[in-house]
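*Asks:*
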Amino acid sequence: MQKLLNWRGYHRLFAALALSLIGAALLLLSQLPAHTTDRNLAAMLLLLAYGAFCLPYFWRARAALLSADAPDPSQILYIVYASQTGYAEQLARQTAQALQELDLRLSLLSISEFDRARLQQARRVLFIVSTTGEGDAPDSAAHFLDSLSQPGQPLDSLQYAILALGDRHYRHYCAFGFRLQQWLQQQQAQAWFELIEVDQGDPAALADWQQQLNQTLNSRAGTSLAMDWRAPAYGDWILHERSLLNPGSAGAPAFHLTLGLAADTQASASTWQAGDIAEIGPQNIPQQIEHWLHSHALNGATQVCIGEQNLSLRQHLRHRVLPVSLSDLRTSPDDDSLAWVAQLPMLPHRAYSIASIAADGQLELLVRQIRLEDGGLGLGSGWLTEYAACGSQIALRIRENRAFHAPFDDRPLILIGNGTGLAGLRAHLKQRALQGHHRNWLLFGERHQQHDYFYQDELQAWHASGVLKRLDLAFSRDQTQARYVQDKLLEQADSLRAWVAQGAAIYVCGSLQGMAAGVSEALINILGAAHLQELSQQGRYRRDVY
Numbered sequence: 006m007q008k009l010l011n012w013r014g015y016h017r018l019f020a021a022l023a024l025s026l027i028g029a030a031l032l033l034l035s036q037l038p039a040h041t042t043d044r045n046l047a048a049m050l051l052l053l054a055y056g057a058f059c060l061p062y063f064w065r066a067r068a069a070l071l072s073a074d075a076p077d078p079s080q081i082l083y084i085v086y087a088s089q090t091g092y093a094e095q096l097a098r099q100t101a102q103a104l105q106e107l108d109l110r111l112s113l114l115s116i117s118e119f120d121r122a123r124l125q126q127a128r129r130v131l132f133i134v135s136t137t138g139e140g141d142a143p144d145s146a147a148h149f150l151d152s153l154s155q156p157g158q159p160l161d162s163l164q165y166a167i168l169a170l171g172d173r174h175y176r177h178y179c180a181f182g183f184r185l186q187q188w189l190q191q192q193q194a195q196a197w198f199e200l201i202e203v204d205q206g207d208p209a210a211l212a213d214w215q216q217q218l219n220q221t222l223n224s225r226a227g228t229s230l231a232m233d234w235r236a237p238a239y240g241d242w243i244l245h246e247r248s249l250l251n252p253g254s255a256g257a258p259a260f261h262l263t264l265g266l267a268a269d270t271q272a273s274a275s276t277w278q279a280g281d282i283a284e285i286g287p288q289n290i291p292q293q294i295e296h297w298l299h300s301h302a303l304n305g306a307t308q309v310c311i312g313e314q315n316l317s318l319r320q321h322l323r324h325r326v327l328p329v330s331l332s333d334l335r336t337s338p339d340d341d342s343l344a345w346v347a348q349l350p351m352l353p354h355r356a357y358s359i360a361s362i363a364a365d366g367q368l369e370l371l372v373r374q375i376r377l378e379d380g381g382l383g384l385g386s387g388w389l390t391e392y393a394a395c396g397s398q399i400a401l402r403i404r405e406n407r408a409f410h411a412p413f414d415d416r417p418l419i420l421i422g423n424g425t426g427l428a429g430l431r432a433h434l435k436q437r438a439l440q441g442h443h444r445n446w447l448l449f450g451e452r453h454q455q456h457d458y459f460y461q462d463e464l465q466a467w468h469a470s471g472v473l474k475r476l477d478l479a480f481s482r483d484q485t486q487a488r489y490v491q492d493k494l495l496e497q498a499d500s501l502r503a504w505v506a507q508g509a510a511i512y513v514c515g516s517l518q519g520m521a522a523g524v525s526e527a528l529i530n531i532l533g534a535a536h537l538q539e540l541s542q543q544g545r546y547r548r549d550v551y
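Counting in the numbering used here, the sequence shown runs from 6 upward without gaps.
#1: Can you tell which of Glu526, Arg110 and Leu447 has the C-alpha that lies nearest to the C-alpha of Arg475?
#2: To the nearest angstrom, how far is it from the Cα of Glu284 to the Cα of His354?
#3: Output the distance between the C-alpha atoms of Leu352 and Pro287, rounded to the nearest integer angstrom.
#4: Report the option in Glu526, Gln518, Ser481 and His443 whose CA atom is closest to the CA atom of Ala509.
#5: Label Glu463 either buried or exposed according to how many other C-beta atoms from any shown protein chain fall within 10 Å of its C-beta, with 16 as the threshold for buried.
#6: Excluding sequence positions up to five away, which residues of its chain have a Cβ less than 8 Å from the Cβ of Gln454?
#7: Are the CB atoms of Arg128 and Ser79 nearer to each other than 8 Å?
#8: Between Ser527 and Val550, how many whole angstroms is the CB-CB distance? I'm expecting something under 8 Å.
#9: What are the complete alpha helix (DSSP H) segments, minimum 4 residues, inside the segment 385 to 467?
#10: Under the rule that 16 or more other beta-carbon atoms within 10 Å means buried, what is Arg547, buried or exposed?
#11: Taking the C-alpha atoms as reference points, what is the distance between Asp108 and Ala147?
#12: Which same chain residues, not among the five before or five after Ala306, have their C-beta less than 6 Å away from its C-beta?
#13: Whose C-beta lies closer than 6 Å to the C-beta of Arg373 among residues of the same chain, with five residues either side of it excluded?
#14: Looking at C-alpha atoms only, which residue of Pro350, Leu185, Tyr489 and Ser342 is the closest neighbour of Pro208?
#15: Since His321 is in the alpha helix (DSSP H), which residue starts that stretch and which ends it?
#16: Which complete beta strand (DSSP E) runs does the segment 164 to 191 hold, if anything under 3 residues is left out?
#17: Looking at C-alpha atoms only, which residue of Leu153, Thr100 and Val346 is the closest neighbour of Phe119?
#18: Mapping DSSP to helix, strand and coil, what is Tyr92?
#19: Using the C-alpha atoms, what's the distance from Phe198 back to Arg325?
#20: Can you give me the start and stop residues for the beta strand (DSSP E) that Val329 sits inside?
#21: Where do the ends of the alpha helix (DSSP H) carrying Val505 lie?
#22: Please go through the segment 77 to 142 and give each complete beta strand (DSSP E) segment of 3 or more residues, from N-terminal end onward.
#23: I think Gly422 touches Cys310, with their Cβ atoms under 8 Å apart; what is that distance to the nearest whole Å?
#24: Going by alpha carbons, who is nearest to Ile167 out of Asp161, Pro156 and Ala180?
#25: Is the beta carbon of Gln186 sitting closer than 8 Å to the one on Leu200?
#26: On the DSSP letters alone, give me the boundaries of the alpha helix (DSSP H) that Ser541 sits inside.
#27: Can you tell me which of Gly441, Glu496, Arg416 and Gln95 puts its alpha carbon nearest to the alpha carbon of Met232?
#28: Give me the Cα-Cα distance between Trp621 and Gln440, rounded to the nearest whole angstrom.
#29: Taking all protein chains shown into account, do 16 or more other C-beta atoms lie within 10 angstroms of the C-beta of Gly138, making it buried, or fewer, making it exposed?
#30: Quick one: Cα of Arg184 to Cα of Gln190, how far?
#31: Report back the beta-carbon spacing between Gly429 and Ser358 to the nearest angstrom; my notes put them in contact at under 8 Å.
#32: Give the C-beta separation of Pro156 and Gln193 to the nearest angstrom, bearing in mind that I take them to be a contact with Cβ-Cβ under 8 Å.
#33: So, with DSSP's three-state summary, where would you put Gln2?
#34: In whole angstroms, what separates the C-alpha of Gln543 from that of Ile243?
#35: Could you compute how far the alpha carbon of Ala97 sits from the alpha carbon of Tyr86?
#36: Suppose you measure from the CA of Asp74 to the CA of Trp234; what does that come to, to the nearest Å?
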């Protein structure tokens, strides 16, 4: 109320001054001959005074209009996503697009834009959240989680639903989704339906999400929400080149791969930004398929029609999970049909940071070959580094990863990574070089300089030309006491603080275990936890870790 009284007082004073100017201008006009410079100036003064008189009324009307149009938070359906690599955001956008047809007031927000205060005002929220690391929330959720510790009223008027994304291969499957659910229950919020878990984009779980939303939010009888949960189709790419980058290394082999778009694939499939991710559709190797066919006494040449695909059983099995037993898939022990093939899930995709930019005219990857405990190779890395022959076709699609895109301006960039994490940082350096933005600092760590200095010539050339203002390297096994990239950070604490003070953004890419945690601890030591969180909220601290 006091502010309103102050505004009225200022407005009256402003109006009085404006009226005085109008009166003075009219008096001056009446005493001046026509068509003179002084008369024209007086006329201009009159117009300005009239405008000044009207201005407060205009602003008051505008404020009233905006206030009337501002939606009541309790009437909004919030769709809040917590995404580390872009998948949760993708699903949130698909959900919002489908719900638009219901004429609901929608607000699509990153969890970084949401907090306890906003949650207190909300009445309906859909959470779509991923889990990263050892059951951790995505980096973007830090501010939201901090706000939950603040005192507040119970949320007994809030209705919510949670779509939790994860991978069952990890011990802390969908952990952040369950933590969020537990907290909301403690705050007396009401769940529309049980939390839905999505294992690596499982279509059945996403269809359940669609059905539950349709039953909960759709009041139109006989209609159904139209949601297409199918993952984007793979494009056809050709593996042109594969080269070992670390011969003689004590670590696992690391390969540089170059791929080009197949002639019959649309050019739009080759568009991406630095920071985006390549999803590979791997294949079962021929020897594995033949062994499986033999063990189940099946003829791989038998034709099987699934949808519009009429292929041999052997061809269908290239892209599908090979079951240990067929007993659960066949309708009876005597069933010798192959209808069960359609029930086999497709092999899960594998994701890799892209090491090049679209302007290069080719897509480049840096892939570490993974050796499993049984001596076999990892599904994705084995396919790319060992089994797929140069010249063969690779199923690949690009996933936008906005959380790791570069800033649009020429602010300084501090790039920190280890091992194959150099892939994502290399793409950013290529983009910065193309844009002529040279305030870049790379801190990179590996085992031995002699064997594991990936892209050495390229990095040194960038350093010599000024694209890299600073290049700091940490080879952990080249001295008696291991020194890692986080140790380099601590050594350069003053320089890092100076770069951050100049507006620098910090990008981290590489292994979650060891490096990412160590770098985070070093940055907290140098900048303080509060400052680092502030940088994260500003989009100046970003991570692509795995």
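Here a beta-carbon is modelled for each residue, glycine too, at the ideal position from N, C-alpha and C.
*Replies:* Looking at the coordinates:
#1: Indexing the sequence shown from 1 puts residue 475 at position 470. When each option's Cα is compared against that of Arg475, the closest is Leu447.
#2: Position 279 of the sequence shown holds residue 284. Position 349 of the sequence shown holds residue 354. Taking the straight line from one Cα to the other gives about 6 Å.
#3: Position 347 of the sequence shown, counted from the start, is the residue given in the question as residue 352. Position 282 of the sequence shown, counted from the start, is the residue given in the question as residue 287. Distance between the alpha carbons of Leu352 and Pro287 is about 7 Å.
#4: Start at 1 with the first residue of the sequence shown, and residue 509 comes out as number 504. Ranking the options by Cα distance to Ala509, first place goes to His443.
#5: Taking the first residue of the sequence shown as position 1, residue 463 is located at position 458. Per the 10 Å Cβ criterion, exposed.
#6: Here the question's residue 454 lines up with position 449 in the sequence shown. Same-chain partners within the cutoff: Leu478, Phe480 and Asp483.
#7: Position 123 of the sequence shown, counted from the start, is the residue given in the question as residue 128. Position 74 of the sequence shown, counted from the start, is the residue given in the question as residue 79. Going by C-beta atoms, Arg128 is nearer than 8 Å to Ser79.
#8: Your numbering for residue 527 matches position 522 in the sequence shown. Your numbering for residue 550 matches position 545 in the sequence shown. For clarity, residue 527 is Ala in the given sequence; the question names Ser instead. About 15 Å separates the two Cβ atoms, so there is no contact after all.
#9: 427 to 440 and 454 to 457
#10: Counting from 1 along the sequence shown, the entry for residue 547 is found at position 542. So Arg547 counts as buried.
#11: Against the sequence shown, residue 108 aligns to sequence position 103. Against the sequence shown, residue 147 aligns to sequence position 142. Whole-angstrom Cα-Cα distance: 32 Å.
#12: In the sequence shown, residue 306 corresponds to position 301, counting from 1. Around Ala306: Ser317.
#13: Stepping through the sequence shown from its first residue, residue 373 is reached at position 368. Once the five neighbours on either side are set aside, the close Cβ partners of Arg373 are Ala257, Ala259 and Thr425.
#14: For the purposes of this step, residue 208 is identified with residue 203 of the sequence shown, where counting begins at 1. Residue Pro350 is the option with its Cα nearest to Pro208.
#15: Start at 1 with the first residue of the sequence shown, and residue 321 comes out as number 316. Start and end: Leu318 to His321.
#16: 164 to 171
#17: Against the sequence shown, residue 119 aligns to sequence position 114. Comparing Cα-Cα distances from Phe119 to each of Leu153, Thr100 and Val346, the minimum goes to Leu153.
#18: Taking the sequence shown and counting its residues from 1, one reaches residue 92 at position 87. Looking at Tyr92 - three-state DSSP - the assignment turns out to be helix.
#19: The count along the sequence shown starts at 1 and reaches residue 325 at position 320. The count along the sequence shown starts at 1 and reaches residue 198 at position 193. Roughly 32 Å separates the two Cα atoms.
#20: Within the sequence shown, numbered from 1, the residue matching residue 329 stands at position 324. No beta strand (DSSP E) holds Val329; DSSP gives it neither H nor E.
#21: On the sequence shown, position 500 is the one that residue 505 refers to. Residues Ala498 to Ala506.
#22: 82 to 87, 111 to 115 and 129 to 135
#23: Here residue 422 refers to the residue found at position 417 when the sequence shown is read from its first residue. Here residue 310 refers to the residue found at position 305 when the sequence shown is read from its first residue. Wrong, their Cβ atoms sit about 47 Å apart, outside the cutoff.
#24: Translated into the one-based positions of the sequence shown, residue 167 becomes position 162. It is Ala180 whose Cα lies nearest to the Cα of Ile167.
#25: The residue labelled residue 186 in the question sits at position 181 within the sequence shown. The residue labelled residue 200 in the question sits at position 195 within the sequence shown. The answer is yes: Cβ separation under 8 Å.
#26: What you label residue 541 is simply residue 536 of the sequence shown in a count that begins at 1. First-last of the alpha helix (DSSP H) with Ser541: Ala534 to Gln542.
#27: Stepping through the sequence shown from its first residue, residue 232 is reached at position 227. For the residues Gly441, Glu496, Arg416 and Gln95, the minimum Cα distance to Met232 belongs to Gln95.
#28: For residue 621 there is no data in the structure shown, the boundaries of the chain being 6 and 551.
#29: Working through the sequence shown from its first residue, we reach residue 138 at position 133. Counting Cβ neighbours within 10 Å, Gly138 comes out buried, since at least 16 surround it.
#30: One-based indexing of the sequence shown puts residue 184 at position 179. One-based indexing of the sequence shown puts residue 190 at position 185. If I take the Cα positions, the gap works out to 10 Å.
#31: Indexing the sequence shown from 1 puts residue 429 at position 424. Indexing the sequence shown from 1 puts residue 358 at position 353. Indeed, because the Cβ distance is near 4 Å, the residues count as touching under 8 Å.
#32: In the sequence shown, residue 156 corresponds to position 151, counting from 1. In the sequence shown, residue 193 corresponds to position 188, counting from 1. About 15 Å; that fails the 8 Å criterion.
#33: In this structure the chain extends from 6 to 551, so residue 2 is not present and cannot be described.
#34: Looking up residue 543 in the sequence shown gives position 538. Looking up residue 243 in the sequence shown gives position 238. About 39 Å.
#35: Position 92 of the sequence shown holds residue 97. Position 81 of the sequence shown holds residue 86. Between Ala97 and Tyr86, the C-alpha separation is close to 6 Å.
#36: Translated into positions along the sequence shown, residue 74 becomes position 69. Translated into positions along the sequence shown, residue 234 becomes position 229. Caution applies to Asp74, whose pLDDT of 49 falls short of 50 and renders its modelled position unreliable; the model cannot decide the point.
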